[in-house]
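Q: The sequence shown runs -10 to 293 under our numbering. After the structure tokens below, expect a handful of questions from me.
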Amino acid sequence: MALDYAAGCFGGAAGVLVGHPFDTVKVRLQIQSVDKPLYRGTYHCFQSIIRQESMLGLYKGIGSPMMGLTFINAIVFGVQGNAMRYLGRDTPANQFLAGASAGLIQCVICCPMELAKTRMQMQGTGEKKKSSRKLYKNSLDCLVRIYRREGIRGINRGMVTTVVRETPGFGIYFLAYDVLTRRLGCEPDDPYMIPKLLFAGGMSGIASWLSTYPVDVIKSRLQADGMGGVHQYNGIADCVRQSLKKEGWRVFTRGLTSTLLRAFPVNATTFASVTLFLMYMRQGDGSALQDCETRAVSVEPTSM
């Protein structure tokens, strides 16, 4: 259990490093004003951030997911493993239920973490590299300031949408991964096992995002709302109503390209890191690559 926990943390950290720039672009595109858009699309957003804020601009808010990574991994691995043992049989349906349970419980950490990440990513949007105007010093300072101003409720802004996204999202992620690894023939002695599992992990992340992405758009807008003290939305229903009225149904696909571009390498990188870590730590032990359907899946179908 401890080794799986360590492997998950290592793999999750690698996934965050690879995928965070795409996540920054996704959030910027999701939240930008339709009346005065700063970015024309995914590539233009990447280009603008690098030109105006340097490469480091793509990594704004990375401290928050890195800080929450250990706790999220512990929750996901613990809950998913215990749920599978309780359910008894390793079936696709049980993989979905176990994953959904893990997704639900880890929201306690995920929601405040993503709130800080979103606020940090939006900070300094469109400003020049040397701009000294900063509302938040770092992710921890962001959470502290929100707590002082809005209390516990402010720290948990977007919790309902996070639960609606994470619960089925993790379920679909575990289910898709289980189905793909079974179909591809994930066997310890298969010389192509690593590429197969990389493909399965990447595609599972994409499947999870496609199933929950509209909810993520609303979550991002609600969590970014209130920066600078101005609130635009009164709640989830009001956010959906205003977004549809101003931008139409396409608003729910805003930033989807960068999200899918991020989903595959993040989940593939995370999986490869977990697998290689276990192989290295368990040299000479045949259990290193067994039960790949349940061990290889790491933290985030989504953070994915």
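Using N, Cα and C, we set each Cβ at its ideal position, and we do this for glycine too.
Please name the residue, chosen from S43, P101, R137, that lies closest to V149 on a Cα-to-Cα basis.
A: Comparing Cα-Cα distances from V149 to each of S43, P101, R137, the minimum goes to P101.
Q: S232 by DSSP, collapsed to three states: which one?
A: Helix, per DSSP.
Q: Kindly give me the distance between the Cβ atoms of Y32 and R17, rounded to whole angstroms, as I take these residues to be in contact under 8 Å.
A: Their Cβ separation, rounded to whole angstroms, is 13 Å, which puts Y32 and R17 out of contact at 8 Å.
Q: Which whole-angstrom value describes the C-beta separation of G8 and P254, a residue pair presumed to lie in contact below a C-beta threshold of 8 Å?
A: About 7 Å separates the two Cβ atoms, so the contact holds.
Q: At the level of alpha carbons, what is the spacing between R146 and F188?
A: Rounded to the nearest angstrom, the two C-alpha atoms are 34 Å apart.
Q: Expressed to the nearest angstrom, what Euclidean distance is found between the alpha-carbon atoms of M44 and P180?
A: Cα to Cα, the separation comes out at about 38 Å.
Q: Let me know the secondary structure DSSP gives D130 once reduced to three states.
A: Reduced to three states, the DSSP call for D130 is helix.
Q: Is DSSP giving S200 helix, strand or coil here?
A: DSSP places S200 in helix when its eight states are reduced to three.
Q: Could you name the residues of the same chain whose beta carbon sits closer than 8 Å to that of I38, not counting the 5 residues immediately before and after it, in chain order?
A: Result list for I38: T13, V14, R17, G46, L47, in chain order.
Q: Taking the beta carbon of P26 as the centre, do at least 16 other beta carbons fall within 10 Å, making it buried, or is it exposed?
A: When all chains shown are included, P26 counts as exposed.
Q: Taking the straight line between their C-alpha atoms, what separation do you get for R108 and L129?
A: Rounded to whole angstroms, R108 to L129 spans 11 Å at the Cα level.
Q: Span of the alpha helix (DSSP H) holding Y32?
A: Looking at the DSSP string, the run of the alpha helix (DSSP H) that includes Y32 is 31 to 42.
Q: Out of curiosity, what's the CA-to-CA distance linking T156 and N83?
A: Going by the C-alpha atoms only, they are around 14 Å apart.
Q: May I ask you to report which of helix, strand or coil DSSP gives K15?
A: Here K15 sits in helix by DSSP.
Q: Whole angstroms are fine: how far does the CA of F11 sit from the CA of V288?
A: Since pLDDT at V288 reaches only 41, below the 50 mark, its modelled position is unreliable, and no value is offered.
Q: What runs of the alpha helix (DSSP H), each 4 residues or longer, lie entirely inside the stretch 45 to 92?
A: Listed in chain order, they are 52 to 76.
Q: Going along the chain, which residues of its own chain have a beta-carbon closer than 6 Å to the beta-carbon of Q95, five neighbours each way excluded?
A: Contacts found: I61, I64, V65.
Q: Report the three-state DSSP secondary structure of P180 (helix, strand or coil).
A: P180 falls in the coil class under three-state DSSP.
Q: Which residue from G190, G215, H220, A226 puts its Cα closest to that of V204?
A: Per the Cα distances, A226.
Q: State the start and end residues of the unbroken alpha helix (DSSP H) segment that holds F163.
A: From DSSP, the alpha helix (DSSP H) with F163 extends over 148 to 173.
Q: Beta-carbon of F11 versus every beta-carbon of chain D: anything under 9 Å?
A: The chain inventory of the structure shown lacks chain D, comprising one protein chain alone.
Q: So, at 8 Å on beta carbons, what are the nonlocal neighbours of L169 in its own chain, with the 5 sequence-adjacent residues on each side left out?
A: Around L169: F188, A189, M192, S193.
Q: Tell me which residues share the same chain as A252 and place their Cβ nearer than 6 Å to its Cβ, disregarding the 5 neighbours each side in the sequence.
A: Correct list, in chain order: G194, I195, W198, M293.
Q: Go to T107, then tell me how far its alpha helix (DSSP H) extends in each direction, as first and last residue.
A: Start and end: 96 to 111.
Q: Just mark L233 as buried or exposed, buried being the case when its beta carbon has 16 or more other beta carbons within 10 Å.
A: Label assigned to L233: exposed.
Q: Given this structure, state the Cα-to-Cα distance separating Q279 from C34, to the nearest angstrom.
A: No answer about Q279 holds up, because its pLDDT of 49 lies below 50 and its placement is not dependable.
Q: When you compare the CB positions of I135 and L104, do they come within less than 9 Å of one another, or not?
A: It is a contact, given that the beta carbons lie within the stated cut-off.
Q: Pick helix, strand or coil for N256, following the three-state DSSP scheme.
A: In this structure, N256 counts as helix in the three-state DSSP scheme.
Q: Look up E282 in the DSSP assignment and say whether it is helix, strand or coil.
A: Unreliable placement is indicated for E282, whose pLDDT of 45 sits below 50; the coordinate value is still reported in the next sentence. Residue state, collapsed to three classes: helix.
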